[in-house]
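S.K.: Protein sequence lines correspond, in order, to chains X and G. First residue of the first sequence? That's 95 in my numbering, and the numbers climb one at a time after it. First residue of the second sequence? That's 113 in my numbering, and the numbers climb one at a time after it. Glycine included, C-beta positions come from ideal geometry on N, C-alpha and C.
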Amino acid sequence: MTVPRARSARQSFAVTIAGLSALLITAMLVSVTVGYRLYGLDQLYHAVFAFDGSETATVLVNLRLPRAILAPMVGAGLGVAGVLVQTLSRNRIASPDTLGLNAGASLAVVLASATLGITSLTGLSLVAALGALLTSMLVFAIAAGAGGISPIRIVLIGVTIAGLGQSVVQLILTSNEAQMQNLLFWLAGSFVDRPMALAINGLPFIAAGAAIAFALVRPLDALQADDATAVSLGVPVSLVRIGCFLAISLLSGAAVAMAGPVSFVGLVVPHAARRLAGQRHGPLMLAAALIGAIYTTLADVLARFVIYPVEAPVGAVTAVVGGLVLVLLLRGRAA
Amino acid sequence: MTPFLPALTATRAPLLLSIMTIATAVLALSGVAFGSSWIPIDRVAAVILGAGDKTQSLIVLQLRLPRVVIAILAGGGMAVAGFLLQKITRNSLASPGVLGVIDGGALGVVIFLAALSDKSNTLVTSIVFQPLAAMAGATLGIAAVFLLSGSQSVSAVRLLLFGIAVGAVAKALVMVMMLVGPIYRTSQAARWIAGAVNEVNWTEIQITALLLLPLLALALAVARKLPPADLDEISARSVGLDLPVFRLLVFAVAAALTAVSVAFVGAIGFVGLMAPHLARLIVGRSMVAGIIGSFLLGAFMLVGADLVVRVLFSPTEVPAGTVTAIIGAPYFLFLLMSKQRHDG
Chain X
95 MTVPRARSAR
105 QSFAVTIAGL
115 SALLITAMLV
125 SVTVGYRLYG
135 LDQLYHAVFA
145 FDGSETATVL
155 VNLRLPRAIL
165 APMVGAGLGV
175 AGVLVQTLSR
185 NRIASPDTLG
195 LNAGASLAVV
205 LASATLGITS
215 LTGLSLVAAL
225 GALLTSMLVF
235 AIAAGAGGIS
245 PIRIVLIGVT
255 IAGLGQSVVQ
265 LILTSNEAQM
275 QNLLFWLAGS
285 FVDRPMALAI
295 NGLPFIAAGA
305 AIAFALVRPL
315 DALQADDATA
325 VSLGVPVSLV
335 RIGCFLAISL
345 LSGAAVAMAG
355 PVSFVGLVVP
365 HAARRLAGQR
375 HGPLMLAAAL
385 IGAIYTTLAD
395 VLARFVIYPV
405 EAPVGAVTAV
415 VGGLVLVLLL
425 RGRAA
Chain G
113 MTPFLPALTA
123 TRAPLLLSIM
133 TIATAVLALS
143 GVAFGSSWIP
153 IDRVAAVILG
163 AGDKTQSLIV
173 LQLRLPRVVI
183 AILAGGGMAV
193 AGFLLQKITR
203 NSLASPGVLG
213 VIDGGALGVV
223 IFLAALSDKS
233 NTLVTSIVFQ
243 PLAAMAGATL
253 GIAAVFLLSG
263 SQSVSAVRLL
273 LFGIAVGAVA
283 KALVMVMMLV
293 GPIYRTSQAA
303 RWIAGAVNEV
313 NWTEIQITAL
323 LLLPLLALAL
333 AVARKLPPAD
343 LDEISARSVG
353 LDLPVFRLLV
363 FAVAAALTAV
373 SVAFVGAIGF
383 VGLMAPHLAR
393 LIVGRSMVAG
403 IIGSFLLGAF
413 MLVGADLVVR
423 VLFSPTEVPA
433 GTVTAIIGAP
443 YFLFLLMSKQ
453 RHDG
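(1) Would you say the segment 210-229 of chain G touches the segment 274-293 of chain G, given that touching needs at least three Cβ pairs under 8 angstroms?
(2) In three-state terms, what does DSSP make of S148/G?
(3) Assuming the contact rule is C-beta atoms closer than 8 angstroms, V180/G and A140/G should be a hit. Round their C-beta distance to whole Å, please.
(4) Between T160/G and chain X, is the shortest Cβ-Cβ distance under 8 angstroms, so that the two count as touching?
(5) Just the Cα atoms here: how many angstroms apart are A437/G and M231/X?
(6) Which residues, in chain order, does the segment 264-297 of chain X contribute to contact with chain G at a C-beta distance below 8 angstroms?
(7) For V292/G, decide whether its Cβ has a neighbour in chain X, counting only Cβ atoms nearer than 8 angstroms.
(8) Can you list, in chain order, the residues of the segment 180-205 of chain G whose Cβ is nearer than 8 angstroms to any Cβ on chain X?
(9) Note down, in chain order, each residue of its chain lying with its Cβ closer than 6 angstroms to the Cβ of V286/G, except the 5 sequence neighbours on either side.
(10) Residue ranges of each beta strand (DSSP E) run of no fewer than 3 residues wholly in the segment 359-387 of chain G, ordered along the chain?
(11) On the criterion of 16 or more Cβ atoms from any shown chain inside 10 Å, does R335/X qualify as buried, or is it exposed?
(12) For S332/X, which three-state DSSP category applies?
(13) Specify the secondary structure class of I401/X as computed by DSSP and reduced to three states.
(14) In whole angstroms, what separates the C-alpha of I248/X from that of H389/G?
(15) Within 8 angstroms of any Cβ in chain X, is that where the Cβ of R270/G sits?
(16) Taking F412/G as part of the alpha helix (DSSP H), name the residues at either end of that continuous run.
(17) Would Y443/G pass as an interface residue toward chain X - the criterion being a Cβ-Cβ separation below 8 angstroms?
(18) Of the choices A367/X, L265/X, I251/X, whose alpha-carbon is the least far from that of E429/G?
(19) Can you pull out the residues from the segment 230-246 of chain X whose beta carbon lies closer than 8 angstroms to at least one beta carbon of chain G?
(20) Short check: CB of G360/X to CB of A197/X, under 8 angstroms?
(21) Using DSSP with H/G/I as helix, E/B as strand and the rest coil, what is G265/X?
(22) If you compare alpha carbons, which of F358/X, I385/X, S357/X, V356/X is closest to R368/X?
(23) Would M386/G pass as an interface residue toward chain X - the criterion being a Cβ-Cβ separation below 8 angstroms?
(24) From the DSSP output, in three-state form, read off S189/X for me.
(25) Give the secondary structure of S326/X by DSSP, where H, G and I count as helix, E and B as strand, and everything else as coil.
(26) Assign R161/X to buried or exposed, taking buried as 16 or more other Cβ atoms, counted over all protein chains shown, within 10 Å of its Cβ.
(27) With DSSP run on the structure shown, which of helix, strand or coil describes L120/G?
(28) Per the DSSP calculation, S229/G is bridged to which residue(s)?
(29) How would you call S346/X, buried or exposed, if buried means at least 16 neighbouring beta carbons within 10 angstroms?
(30) Report the neighbours of F382/G on chain X: residues whose CB is nearer than 7 angstroms to its CB, in chain order.
(31) When you compare the CB positions of V362/X and G416/X, do they come within less than 8 angstroms of one another, or not?
(32) Assuming A163/G and L414/G make a contact with CB atoms under 8 angstroms, what is their CB distance in whole Å?
(33) Would you be able to state if there are at least three C-beta pairs under 8 angstroms between the segment 238-258 of chain G and the segment 371-384 of chain G?
(34) By how many angstroms is the C-alpha of A206/G removed from the C-alpha of A335/G?
(35) Quick check: what's the CA-CA separation for R119/X versus L424/X?
(36) Assign L273/G to one of three DSSP states: helix, strand, or coil.
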C-alpha cells in the first residue's frame with residue numbers, strides 16, 4: 095500500500111501533522127467556548143489567567159476546561175491503543191474493546207456501585223481503572239496459560255472475557271433496575287462533570303502507555319507482516335507483544351477511567367490514520383493520536399447539541415460520526 | 113488457528129455430533145420441565161406424545177415448549193450465520209453482529225415503536241407487527257452495507273468494515289431514540305435488543321421454521337463448497353470457484369439467517385461469535401460437521417441461557433440474550449487452554 099517515503103513525502107507528512115495539530119487546538123478552543131452558553135476567547139483568557147470567581151469564570155474553569163483537556167487525552171489514548179490492538183491481533187476489525195478492558199471496567203463499576211454503594215465520579219473512575227487492570231491481567235494470564243499470546247488467542251480470549259463481563263453487567267443491571275439508572279449514562283461514555291484532577295491522574299498512565307508504544311515502533315513494523323519475518327529480522331516477538339499489551343492496557347485503562355467506555359474511537363481512528371500516514375508505526379501512531387484527539391473533542395461538542403438542551407452520551411456521537419467517516423474512508427479507497 | 117490431526121477428528125466427528133445432539137435434547141427437555149412448577153421429564157414426554165392432563169398440557173405446549181423451540185431455532189440460526197462469516201472472511205472476530213443486520217433490526221423496532229405511538233404513548237397498531245419492523249430494518253441494514261460497498265464487496269474485510277460502520281450508525285441512532293423516548297418505548301425496545309425467547313407463539317415459530325430451514329439447507333450446501341483452508345483468489349479460480357461471487361452469496365445467506373433468527377426473539381448476542389469457535393475446537397475443521405456443530409452449540413447456548421434466567425430470576429422475566437455468554441464462555445476458555453497441548 096505505501097511506497098517508501100521520499101523526502102517530499104516526509105515534508106508533506108510534516109504538513110499533515112501541523113495541520114492536524116492546528117485542528118486539534120481549534121477543536122479544544124471550540125469545546126471550551128461553545129455549549130449551552132457561548133463564551134468569547136477574551137472571557138476564557140480572563141477566567142484562566144485572572145480568575146475572579148464570577149459565574150462565567152467558574153463555568154469555564156471548572157466545567158468546560160476539564161472536558162476540553164480530558165476529551166483529547168482519551169481520544170489520543172484510544173487512537174494509539176487501536177493501532178496497537180490491530181497490529182497485535184493482525185485484525186483490522188479489532189479495537190481496544192476486543193481485549194475486554196471496557197467490559198471489565200464496566201463490570202467493576204457496576205459491582206462497586208451495587209455492593210459498596212460507590213456513586214461518586216472519582217470513586218467510579220478509580221474502580222474502572224482497577225477493573226480494566228484486573229481484566230488485562232486476566233486476559234494475559236489465560237493467554238499465557240493457553241500457550242502464549244499469539245494474535246488469534248489474544249483476540250479470542252479478549253472477546254470471550256468481554257462477552258462474559260457484559261453478561262454479568264446486564265444481569266446486575268436488570269436485577270436492580272432503579273438503582274442502576276444513574277449508571278447507564280456512565281456506561282455510554284461521557285466527558286460531563288469530570289474534575290480536572292481526573293485528567294491529572296490519568297496523564298501519567300497515558301504518557302507511559304504512549305512512551306512504550308513509541309519505543310516499539312520498529313519492532314511493530316516488523317511484526318505487522320508475520321512472525322517468521324519478524325523473527326528473521328531479529329525481533330523478540332514475545333517481548334514486543336507483552337510490551338504492546340502493556341501499552342494497550344495503560345492507554346485504554348486510563349481512557350475508560352476518565353470517560354467510561356467510549357465506543358468506536360479505537361476501531362475507526364487507525365483506519366483514518368493509515369489513510370493519512372501509511373503503515374509505518376511511527377507516523378501512523380502520531381497521526382492516530384492527533385486524529386483520535388480531534389475526533390473525541392468534536393464529538394463531545396456535538397453531544398451537547400444532538401438532543402439539546404440535554405447532553406447525549408458521547409459514545410453515541412462517536413459511533414454515528416465514526417460510522418459515517420468509516421464509510422467515506424472505505425469508499426474513498428474504491429478506485 | 114489451532115491445528116488438529118485431521119484423521120482423528122474425521123473419525124470422531126459423528127460421535128461428537130451425536131453426543132452434542134443428545135446433550136441439546138436433554139437440555140431442551142429440562143427447559144420444558146423447569147419453571148414456576150416442576151413437571152417431571154416423563155410427564156413432559158407424555159404431553160409431547162399427546163397424552164397428559166390438561167393443566168400440564170397447557171403449561172408444556174403453550175408456555176414452555178414454544179420458548180425452547182424458538183431458542184433452538186434462533187440460537188442455531190445465529191451460530192450457523194457466524195460460522196459462515198468466520199469461514200468466508202477468515203476473520204475470527206466476524207459474527208452476525210458485525211454485518212449491520214442486527215443493529216438495523218433494532219433501529220426498525222425503535223422506529224416502529226416511535227412512529228406508531230399516539231400522543232399518550234400507546235401503540236396505534238398491534239405489537240405483533242414488531243417482528244415485521246425488525247425484519248424490514250435488518251434487510252435495509254444489510255442492503256445498505258451491500259449498496260455502500262459496491263464493487264468493494266469482493267473484499268471480505270472491507271465488507272466487514274462496512275457492516276461495522278452501518279451497524280455503529282444504526283446502534284447510535286437507537287441509543288439516542290431510546291434516551292429521548294418515553295419509558296414504555298425504551299423498555300420495549302431494550303427487550304428486543306437484549307433478546308428474549310418468552311412470549312413467542314406457535315404461529316411465529318412456524319414462520320421462523322419455514323424461513324430458517326431452507327436457509328440452513330442452503331448453508332449446508334454452500335459449506336461443502338467453502339474453500340477448505342487459506343485459499344486465495346487465484347488458487348480458488350484455478351479450482352473453478354469464483355471467489356468474489358461465492359463470497360457474496362455466503363454473506364447473503366448469513367445475513368438472511370441472522371435476520372430470520374432475530375425477528376421474533378431480538379438481538380441475541382455472543383452466540384453467533386462463540387458457537388462457531390467452540391464447534392471448531394470440538395469437532396475440528398470439517399465444514400459440514402462445523403455447520404451442524406455450530407447449530408447444536410448455538411441452540412444449546414440459548415436454551416441454556418433461557419434456563420439460567422428462569423431458574424435464577426423467576427418470577428421476573430430476564431431476557432435470555434443477556435446471559436448467553438455465561439453458558440459458552442467458561443467452557444470455551446477451558447478448551448482454549450487445554451487444546452494447546454495438541455498443537456503442532
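M.R.: Checking against the coordinates, here is how it stands:
(1) yes
(2) coil
(3) 5 angstroms
(4) The question names Thr, but residue 160/G is Ile in the sequence shown. Not an interface residue.
(5) 20 angstroms
(6) Q264, L265, T268, S269, A282
(7) yes
(8) N203, S204, L205
(9) A218, L219, V222
(10) none
(11) buried
(12) helix
(13) strand
(14) 14 angstroms
(15) yes
(16) 399-425
(17) no
(18) L265/X
(19) I236, G239, A240, G241, I246
(20) no
(21) First, the residue type needs correcting, since residue 265/X is Leu and not Gly in the sequence shown. Residue state, collapsed to three classes: helix.
(22) I385/X
(23) yes
(24) coil
(25) helix
(26) buried
(27) For L120/G, the predicted model reports a pLDDT of 47, less than 50, meaning its position is unreliable; a value from the coordinates is still stated below. It is helical.
(28) L235/G
(29) buried
(30) G257
(31) yes
(32) About 29 angstroms separates the two Cβ atoms, so there is no contact after all.
(33) yes
(34) 16 angstroms
(35) Note that residue 119/X is Ile in the sequence shown here, rather than Arg. Going from the Cα of I119/X to the Cα of L424/X covers about 27 angstroms.
(36) helix
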